[in-house]
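Here the structure comes first, spelled out in structure tokens, and everything after it is commentary.
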Amino acid sequence: MIIPSVARNAVCHCEPIEHESAQEALSEFERHQDETIDLIQQSRGLAIDRCKMKSPFANVRYSAYSAFGIIAAHNRRHLWQARNAVEKVSKSLTTSP
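Residue numbers (this note's numbering): 995 to 1091.
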């Protein structure tokens, strides 16, 4: 998996959703993943490469096909960030006096 080394700031300043626990955040992430998979399956046979939409975050237009790729890349970044956070916490716990 390749993670871009340059982070890009979103045009709109979206605030992360606060969760009571890591498990709650993971459950919501998994629910969104399931919804995305359902949408991809429902689009089977449709010309999603020709269905254009405007980004809700930037003044950009792209196809539904591209949107699925953008969502996948965005979610990979979330997973990368979560893994880094877990590693950082684990290191701090093992090096604490």
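Just so you know, even glycine gets a beta-carbon here, dropped at the ideal spot from N, CA and C.
Residue i - partner residues in DSSP beta bridges
| i | result |
| --- | --- |
| residue 1060 | Residue 1060 is not bridged to any residue. |
| residue 1048 | 1055 |
Residue-level contact to chain C via CB, residue i, 7 Å cutoff
| i | result |
| --- | --- |
| residue 1043 | The chain labelled as chain C is not found in the depicted structure, where only one protein chain is given. |
Residues near residue i by beta carbon distance below 8 Å, same chain, minus five either side
| i | result |
| --- | --- |
| residue 1047 | 1055, 1056, 1057, 1058 and 1061 |
| residue 1022 | 1011 and 1013 |
| residue 1034 | 1062 |
Residues near residue i in its chain [Cβ-Cβ closer than 7 Å; skip 5 each side]
| i | result |
| --- | --- |
| residue 995 | Low confidence applies here, because residue 995 scores a pLDDT of 37, under 50, leaving its location unreliable; read the following figure in that light. Closer than 7 Å at Cβ, skipping near neighbours: 1070. |
| residue 1001 | For residue 1001, the predicted structure reports a pLDDT of 47, less than 50, and the residue's modelled location is therefore unreliable. A value from the coordinates is still provided. So the list is empty, once near-sequence residues are dropped. |
Assess contact between the stretch 1027 to 1043 and the stretch 1011 to 1018, defined as three or more Cβ pairs (one per stretch) separated by less than 8 Å. Is contact present? No, they do not touch.
Counting beta carbon pairs with one atom in the stretch 1055 to 1062 and one in the stretch 1030 to 1043, are three or more of them shorter than 8 Å? Cβ pair count under 8 Å is three or more, so yes.
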